[in-house]
Structures are given as C-alpha cells and as structure tokens.
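See below for the structure under consideration.
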Amino acid sequence: DEKQKNKDEL
Amino acid sequence: MNIFRLVGDLSHLLAIFVLLLKIWKSRSCAGVSGKSQILFALVFITRYLDLFTNFISVYNSLMKVIFIASTVATVYLMYIKFKATYDSNHDTFRIEFLVVPVGGLAFLVNHDFTPLEILWTFSIYLESVAILPQLFMISKTGEAETITSHYLFALGSYRALYLLNWIYRYYFEGYFDLIAVVAGCVQTILYCDFFYLYITKVMWGKKLSLPA
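Line order of the protein sequences matches chains A and B. Start counting the first sequence at 1323; every next residue gets the next number (my numbering). Start counting the second sequence at 2; every next residue gets the next number (my numbering).
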C-alpha cells in the first residue's frame, strides 16, 4: 500500500 | 534517490567496513563497544523485515543484505572469534535502559499500529541512541584509536547527510516523515561533541583523547 511503498530509504 | 542520500548510504557502508576491517586486520576489538554493535544488528533486523515482501530496487535490497550481514559478522567477530580482545570492563552501558524505553515509545508514537510499522519505528528510535554505548566506552577509556574515530565520523556523517536528504525531499518531492527526522536529529546531535573533537584533533593528526 502507499505507506509501505514510502519506505524506500535504508 | 538524491546525492545526499547516496553519499549518506555510502558513508554508512564505509563506516561498517572500516570497523569490520579494523577488527579483522588487527584481530582485536579493543576500544569497540560490542553493545553498540548488537544494537545496530537489532536496528537492521527489525527495519529490514520487509526485505522479501517489499521490493524497492536492486540497490535497496542489496544494501539491506550487506548491512545485515556485515553487522552480524562484526558481532560474531567481537563476541566469538576475537572474544579474548573484547574489553567488557569498559563496555558497561546498560542497553536495556535503551531498548525498553525505545520499545515502549515505538508502541505509543508511530505512523501505523501494525507489527511491521511498530518494528520499523522501534528500529528508527533505537538507531538514534545505538551509538551511546560506544561514546560511553570512549568517555570511560578517555581515548579512541584513530581508525575507530574514522569509523565514528563516517557513521555520524551518514545520518547528518540523511537530514540534508530529508530537506531536499521535502522541497522537491513533498516527502516528510516526522519520526525519521526527529530521530535523525537526535542521532546527529549525539555526535556533535565527537565531531568537534574529531575535527579539532584527528584532522590534525592527533589522537582522539577526551579531556580528562
């Protein structure tokens, strides 16, 4: 979902 | 991706490998806090649980694997292979005083009350204080090997660069994550004292020694 996709940082 | 985040990630990678090489080459973990390394391993394991479920990019997945593997390897070298050189007398910070409050805070303040999100939040909060045992150990021994101070400089710089990354992303992408930013500020502020010593001493070829 949108929130999960946002986790693109290490 | 932007230059601040890329340089930040590479600085983080450099720090981890500088430490790993120092321990491997000198076959000694003198002056290094095993407790901080355990906390870093916990930070990566709890943060990268989505490694197999949420594919972002090859770079992202590769770095996650490298960070977990290298930090676990460091803990292994410190507590098993070169255990005899581990300075447990000076590595006495009570990490339960960090893990428990951070765990509680992650339950109370997070973006989403789901297991994965709470673990990610726990990881973000824990990372901001994970260096305390190491800084505490240096304050107890009163000095740090030059290579260890390079490790700390690279490690501290990585999150400082992430702060610039968040400023960049806020203005150009409208991206903002309050939890990550606040924890990142706390984490970077904890290094300020060390940064001052590093720049005034180590940069001029002197050994890093805290004023007695």
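Note that CB positions come from ideal geometry on N, CA and C, so glycine has one too.
- Here DSSP, grouped into helix, strand and coil, assigns B:ALA181 to helix.
- Judged by DSSP in its simplified three-state form, B:GLU128 adopts helix.
- Neighbours of B:LYS65 in chain A, taken as residues at a C-beta separation under 9 Å, are given in chain order as LEU1332.
- Ranked by Cα distance from B:SER71, the options B:ILE139, B:PHE41 and B:ASP178 are led by B:PHE41.
- Distance from the Cα of B:LEU14 is smallest, within the candidate group B:ASP178, B:CYS186, B:LEU153 and B:PRO116, for B:LEU153.
- Against chain A, the beta carbon of B:ASN61 has neighbours under 8 Å at ASP1330 and LEU1332, listed in chain order.
- In terms of Cβ geometry, B:ILE119 and B:ALA131 do not form a close pair [threshold 9 Å].
- Take the alpha-carbon of B:ALA74 and the one of B:LEU21: they are about 8 Å apart.
- Note that the region 41-60 of chain B does not touch the region 140-150 of chain B; fewer than 3 beta-carbon pairs, one per stretch, sit closer than 8 Å.
- Residue pairing of B:GLU144 in beta bridges, as defined by DSSP: B:SER210.
- Taking CB atoms only, B:SER158 has no neighbour in chain A less than 9 Å away.
- Judged by DSSP in its simplified three-state form, B:MET204 adopts helix.
- Residues of the region 99-115 of chain B whose Cβ lies closer than 8 Å to any Cβ of chain A, in chain order: HIS112 and ASP113.
- Residue contact check for B:TYR171 against chain A: no CB pair falls below 9 Å.
- For B:VAL103, the enclosing alpha helix (DSSP H) covers residues 97-109.
- In the DSSP assignment, B:ARG28 falls outside any alpha helix (DSSP H), carrying neither H nor E.
- According to the DSSP assignment, B:ASN61 belongs to the alpha helix (DSSP H) that extends over 59-77.
- Closest in alpha carbon position to B:TYR87, among B:VAL76, B:ARG48 and B:ALA31, is B:ALA31.
- Across the structure, A:ASP1330 and B:ASN166 are spaced so that their CA atoms are roughly 13 Å apart.
- B:TRP205 counts as exposed, since fewer than 16 other beta carbons sit within 10 angstroms of its beta carbon.
- For the region 120-151 of chain B, the residues whose beta carbon sits under 8 Å from a beta carbon of chain A are, in order, TRP121.
- Distances from the CA of B:PRO134 to each of B:THR47, B:PHE18 and B:VAL100 were compared; the closest alpha carbon is that of B:VAL100.
- When secondary structure is reduced to three states using DSSP, A:GLU1331 falls in the coil class, being assigned neither helix nor strand.
- Rounded to the nearest angstrom, the gap between the Cα atoms of B:ARG28 and B:ASP92 is 18 Å.
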